[in-house]
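Trainee: When the letters of the sequence shown are read in order and numbered with UniProt numbering, they come out as residues 1 to 427.
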Amino acid sequence: MELKVWVEGVPRVVCGLSEETSCQDVVIALAQAIGQTGRYVLIQKLRDKERQLLANERPLESLAKLGQLGNEVQFILRRTGPTSSEGSDQGRAPQLPRPPDPEPPRHKEPKKTLTFNLGPSASPQTRVKQVEKPPRDSQARGVSPSLPSSLTQAGPSKETLYQQILRQQGQLQSLQGQLEALERELGVWERAPPPTLSPDVLGEMDHLQQLLRQNEAELASVMHWENEFKSEVQREKDILRQKNELHLALDKHSRRLQDTANQSEQLERDITLLCETKRNGVLQTRPSVEESVVIAKEQLDNHQRQGTELQATNEEIEKELWLAEEQLQAKSKELDDLNKELRQCNLQQFILQTGVTPAQSNQQTEEIDFALLKPDGQSDEDSNSSILEFNPRTTAKQILGNPRSLQDPLVSSLHPEVLSSRETSWR
C-alpha cells in the first residue's frame with residue numbers, strides 16, 4: 001500500500017507499506033530518500049489537531065481506526081534536530097562559512113509529489129555511480145549547478161554537491177514511484193467492479209420508480225379522459241345538429257299536415273253540405289265569406305289545440321291519409337256506380353209515370369236532369385260545368401281539387417244508408 005507524507009511542504013508517496021510497517025521504518029526511508037541526517041518525528045494532523053506518532057505505531061492501523069475521517073488525515077515529517085554524532089563533530093571542528101544560497105528562479109516551479117519505495121539503503125558503490133549519473137541528468141535537463149568558484153576548491157563544496165545529487169536522485173525516484181502508483185491505481189480503477197449501492201439508496205430508487213410508474217399511469221388516464229371528453233363534445237355537436245334537422249323536418253311535416261287537414265275539413269264540410277241538400281231535396285248555396293271565415297277561425301283554434309298531438313302522430317296520420325285517399329278513390333268509384341243506378345231508377349220511374357217511349361223518355365229524362373242540376377239563377381255554362389265536373393271518369397284528386405263538384409244532386413235520397421256510411425268513414 002501507499003502513504004503520502006509531507007516533507008518540507010512537498011508531498012512524498014511511500015510505497016510498499018503493510019499493516020505491520022511502523023512509523024520508524026517510514027521515517028528512516030524518508031530520511032534516506034532526502035539524504036539528510038538528523039532527528040525526525042512523524043506528525044499526524046487531523047484538521048487543526050496534531051499528534052506525534054510513536055516509533056512503534058503503525059500509520060495504516062491508525063488510519064483504519066479513524067474510518068471516514070482518514071481521508072482528512074495528513075502525515076508530516078518534521079526534523080527536530082541533528083544526530084548526536086553530528087552534534088559532537090560540530091563541537092570539535094570549527095564552523096565553516098555557509099555557502100551562499102543560489103539565487104531563486106524568477107518563476108517558481110510547482111511543487112511535485114515524489115514517490116519512492118521503502119527498502120534498504122544503497123551500497124557505497126552504487127552511491128558512487130549515482131553520484132556520477134546526476135550531472136548527466138542535469139545536463140540533459142539543461143540545469144547546471146551555479147556554485148561559486150571559492151567553494152569548488154574548499155571541502156564543503158563536495159558535500160553540498162553530493163547532497164544536491166542525492167536530492168535530485170530522490171526526486172527522480174519519487175517521480176518514478178508516483179508514476180507507478182498512478183498506473184497501479186488506474187489499473188485498479190479500471191478493474192474495479194461497479195460500486196454497490198446501499199439498501200437505503202436502493203429503496204429510494206424503488207420508491208421513485210413506483211412514483212414514476214404511477215405518474216405515467218395517471219398521465220395515460222388523463223389523456224384517455226381528454227380523448228373521451230373530446231369525443232363526447234363532438235357527439236354532442238352531432239346530436240344538436242341532428243336535433244335541429246329533426247325540428248326543421250317536423251315543422252315542414254307539420255305545415256304539410258295542417259294543409260292536408262284543412263283540405264280534409266273542407267272536403268268533409270262539402271260532403272256534409274251535399275248530404276243535407278240531398279236529404280231536404282233543395283239545393284243550398286254555399287255559405288257566405290264571413291261564415292267561412294268564422295268557421296275557418298274555429299277550425300284553426302281546434303287545430304292549434306291539436307297541434308301537439310298531431311306532431312307526435314305525424315307518421316300515423318300520413319298513413320291514415322294514404323288509406324283515406326285509397327278509400328276516397330273507392331268511394332268515388334262507388335259514387336259513379338250509384339249515379340248510374342240513380343239515373344236508371346229515375347228513367348224507369350219516369351217511364352212508369354208518364355208511359356212515354358224509351359227514346360222520348362231518354363230525351364225528357366235528360367231535360368229533367370238538366371233542370372234539376374241547374375239551380376235558380378244559374379246559367380247554362382254553370383250547368384255544363386257542373387255536368388262536366390261530375391263526369392263518372394273524374395278521379396279522387398279532381399274531386400279534392402274542386403270540392404264544389406261534390407254538391408251534385410244526383411245522389412239519390414232513396415239510399416240514405418250510403419251517405420251515412422260515407423259520412424262515418426270520413427269522420
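The beta carbon of each residue, even a glycine, is placed where N, CA and C say it ideally should be.
(1) Does the beta-carbon distance from Lys4 to Val10 come in below 8 Å?
(2) Look at the Cβ atom of Leu42, then the Cβ atom of Cys15, and state whether they are nearer than 8 Å.
(3) Going by DSSP, name the residue or residues bridged to Tyr40.
(4) Given a threshold of 16 other Cβ atoms within 10 Å of its Cβ, counted over all protein chains shown, does Thr21 qualify as buried or as exposed?
(5) Looking at Leu257: is its Cβ nearer than 8 Å to the Cβ of Leu310?
(6) What number of angstroms, rounded off, separates the C-alpha of Met1 from the C-alpha of Ser198?
(7) Could you tell me which of Leu321, Asn262, Gly67 sits nearest to Lys297, measuring between CA atoms?
(8) What three-state label does DSSP hand Glu309 in the structure shown?
(9) Short of 8 Å in beta carbon distance, which residues of its chain neighbour Arg47, apart from the five on each side in sequence? Order them along the chain.
(10) Between Pro59, Glu50, Val222, Leu172, which lies nearest to Ser18 when the distance is taken from Cα to Cα?
(11) Based on DSSP bridge pairs, tell me the residues matched to Trp6.
(12) Do Ile76 and Lys45 have their C-beta atoms within less than 8 Å of each other?
(13) Which whole-angstrom value is the C-beta distance of Gly35 and Gly170, which I expect to be below 8 Å?
(14) Can you say whether Lys243 is buried or exposed, counting buried as having 16 or more other CB atoms within 10 angstroms of its CB?
(15) Please classify Ala64 as buried or exposed, where buried requires at least 16 neighbouring CB atoms within 10 angstroms.
(16) Give the straight-line distance between the Cα atoms of Leu175 and Asp200, rounded to the nearest whole angstrom.
(17) What residue does the beta strand (DSSP E) around Gln68 start on, and which one ends it?
(18) Whole angstroms is fine: what's the gap from Thr272's alpha carbon to His303's?
(19) Name the one or two DSSP bridge partners that Gln52 has.
(20) Give every residue of the same chain whose Cβ lies closer than 8 Å to the Cβ of Trp6, excluding the five residues on either side of it in the sequence, and list them in chain order.
(21) Using the beta-carbon count (16 or more within 10 Å), is Gln398 buried or exposed?
(22) Under a three-way DSSP split, which group does Thr21 fall into?
(23) So for Leu147, helix, strand or coil by DSSP?
(24) According to DSSP, is Arg256 helix, strand or coil?
(25) Between Lys230, Val27, Arg305, which has its C-alpha nearest Thr80's C-alpha?
(26) Alpha carbon to alpha carbon, how far is Trp225 from Ser231? Give it in angstroms, no decimals.
(27) Would you tell me roughly how many angstroms separate the C-alpha atoms of Gln348 and Glu326, rounded to the nearest one?
Mentor: The relevant details are as follows:
(1) As a first step, residue 4 must be located in the sequence shown, where it is residue number 4. As a first step, residue 10 must be located in the sequence shown, where it is residue number 10. Contact: no.
(2) On the sequence shown, position 42 is the one that residue 42 refers to. On the sequence shown, position 15 is the one that residue 15 refers to. No, they are not a contact pair.
(3) Here residue 40 is taken as the residue at index 40 of the sequence shown, counted from 1. DSSP output for Tyr40 lists Arg79 as bridge partner(s).
(4) Taking the sequence shown and counting its residues from 1, one reaches residue 21 at position 21. With 16 or more other Cβ atoms within 10 Å, it is buried.
(5) Residue numbering aside, residue 257 sits at position 257 when the sequence shown is read from its first letter. Residue numbering aside, residue 310 sits at position 310 when the sequence shown is read from its first letter. In contact: Leu257 and Leu310 (Cβ atoms closer than 8 Å).
(6) The residue given as residue 1 occupies position 1 in the sequence shown. The residue given as residue 198 occupies position 198 in the sequence shown. Each residue's Cα considered, the two are about 27 Å apart.
(7) As a position in the sequence shown, residue 297 is number 297, starting the count at 1. Selected option, being the one with the closest Cα: Asn262.
(8) Start at 1 with the first residue of the sequence shown, and residue 309 comes out as number 309. Glu309 falls in the helix class under three-state DSSP.
(9) For the purposes of this step, residue 47 is taken as residue 47 along the sequence shown, with counting starting at 1. So the qualifying residues of the chain are Glu72.
(10) Along the sequence shown, read from residue 1 onward, the residue named residue 18 stands at position 18. Ranking the options by Cα distance to Ser18, first place goes to Pro59.
(11) One-based indexing of the sequence shown puts residue 6 at position 6. Pro11, Ile76.
(12) Residue 76 sits at position 76 when you count from the first residue of the sequence shown. Residue 45 sits at position 45 when you count from the first residue of the sequence shown. The answer is yes: Cβ separation under 8 Å.
(13) The residue given as residue 35 occupies position 35 in the sequence shown. The residue given as residue 170 occupies position 170 in the sequence shown. Rounded, the Cβ-Cβ distance is 6 Å, consistent with contact.
(14) Counting from 1 along the sequence shown, the entry for residue 243 is found at position 243. Exposed, because fewer than 16 other Cβ atoms sit within 10 Å of the Cβ of Lys243.
(15) For the purposes of this step, residue 64 is taken as the residue at position 64 of the sequence shown. Exposed is the call here.
(16) Along the sequence shown, read from residue 1 onward, the residue named residue 175 stands at position 175. Along the sequence shown, read from residue 1 onward, the residue named residue 200 stands at position 200. If I take the Cα positions, the gap works out to 42 Å.
(17) Mapped onto the sequence shown, residue 68 falls at position 68. Neither: Gln68 is in no beta strand (DSSP E) and is coded neither H nor E.
(18) Locating residue 272 in the sequence shown gives position 272, where the first residue counts as 1. Locating residue 303 in the sequence shown gives position 303, where the first residue counts as 1. About 20 Å.
(19) For the purposes of this step, residue 52 is taken as the residue at position 52 of the sequence shown. Per DSSP, Ile43.
(20) As a first step, residue 6 must be located in the sequence shown, where it is residue number 6. For Trp6, where only same-chain residues beyond five positions count, the Cβ hits under 8 Å are Arg12, Gln74, Phe75, Ile76, Leu77.
(21) For the purposes of this step, residue 398 is taken as residue 398 along the sequence shown, with counting starting at 1. Summary for Gln398: the model assigns pLDDT 48, below 50, so the residue's position carries little reliability; its value from the coordinates is reported in the next sentence. That one is exposed.
(22) The residue labelled residue 21 in the question sits at position 21 within the sequence shown. The answer is coil: DSSP assigns Thr21 none of H, G, I, E or B.
(23) Working through the sequence shown from its first residue, we reach residue 147 at position 147. Residue placement at Leu147 cannot be trusted, given a pLDDT of 37 that sits under 50; the coordinates are not used to answer.
(24) Here the question's residue 256 lines up with position 256 in the sequence shown. Looking at Arg256 - three-state DSSP - the assignment turns out to be helix.
(25) Here residue 80 corresponds to residue number 80 of the sequence shown, with the count starting at 1. When only C-alpha atoms are compared, the closest one is Val27.
(26) Counting from one through the sequence shown, the residue named residue 231 turns up at place 231. Counting from one through the sequence shown, the residue named residue 225 turns up at place 225. Going from the Cα of Ser231 to the Cα of Trp225 covers about 10 Å.
(27) What you label residue 348 is simply residue 348 of the sequence shown in a count that begins at 1. What you label residue 326 is simply residue 326 of the sequence shown in a count that begins at 1. So the alpha carbons of these two residues sit roughly 33 Å apart.
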